[in-house]
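Chemist:
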Amino acid sequence: MDGYLVTFFTQQSRAHDGTPLAGWILEQARALGVGGATILAGQEGFGHDGRVHSDSLFDMEDPPLQVVLALTPEECEQLLAAISAQGHRVFYVKSRVEFGFTRPE
6 MDGYLVTFFT QQSRAHDGTP LAGWILEQAR ALGVGGATIL AGQEGFGHDG RVHSDSLFDM
66 EDPPLQVVLA LTPEECEQLL AAISAQGHRV FYVKSRVEFG FTRPE
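Spelled out as structure tokens, the structure:
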């Protein structure tokens with residue numbers, strides 16, 4: 006199947022109505038019927054503002070998170086619209102990909 010690999014970049018402290026934003030994005034994808042999504046925790050990074058985000062033993066400065074999804078074009082459009090409709094501004098990378106399973110069920 007042709008579609009997109011979409012990765013959203015956020016931080017642990019960002020939230021939507023008290024729910025961590027990464028988890029909220031995951032739930033939005035599930036509600037849209039997306040086949041799967043993964044949240045990855047990063048050890049260290051910096052954002053567009055230059056602020057360092059890390060998850061080290063001595064310096065827990067708002068660790069970076071990624072939400073990674075393989076989406077059809079329709080799912081991608083719907084998910085981006087859902088995030089935007091709630092007023093969130095989230096950086097993402099979207100790449101054209103072919104995805105599927107190694108064998109049928």
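In this note's numbering, each number is its position in the sequence shown, counted from 1, plus 5.
Note that the Cβ used here is the ideal one computed from N, Cα and C, for glycine as well.
If contacts are defined as beta-carbon pairs under 8 Å, then Leu45 and Gln71 qualify, I think. What distance do you get, rounded to the angstrom?
Modeler: 4 Å
Chemist: In three-state terms, what does DSSP make of Gly92?
Modeler: coil
Chemist: Name the residue from His53, Glu79, His21, Gly28 whose alpha carbon lies nearest to the alpha carbon of Phe96.
Modeler: His53
Chemist: Taking buried to mean at least 16 other C-beta atoms within 10 Å of its own C-beta, is Glu110 buried or exposed?
Modeler: Flag for Glu110 reads exposed.
Chemist: Restricting to Cα atoms, I'd like to know which of Leu31, Leu26, Thr77 is closest to Asp67.
Modeler: Leu26
Chemist: Taking the continuous alpha helix (DSSP H) assigned at Leu45, which residues delimit it?
Modeler: Taken as a continuous stretch (DSSP letters only), Leu45 belongs to no alpha helix (DSSP H), being part of the beta strand (DSSP E) at 43-46.
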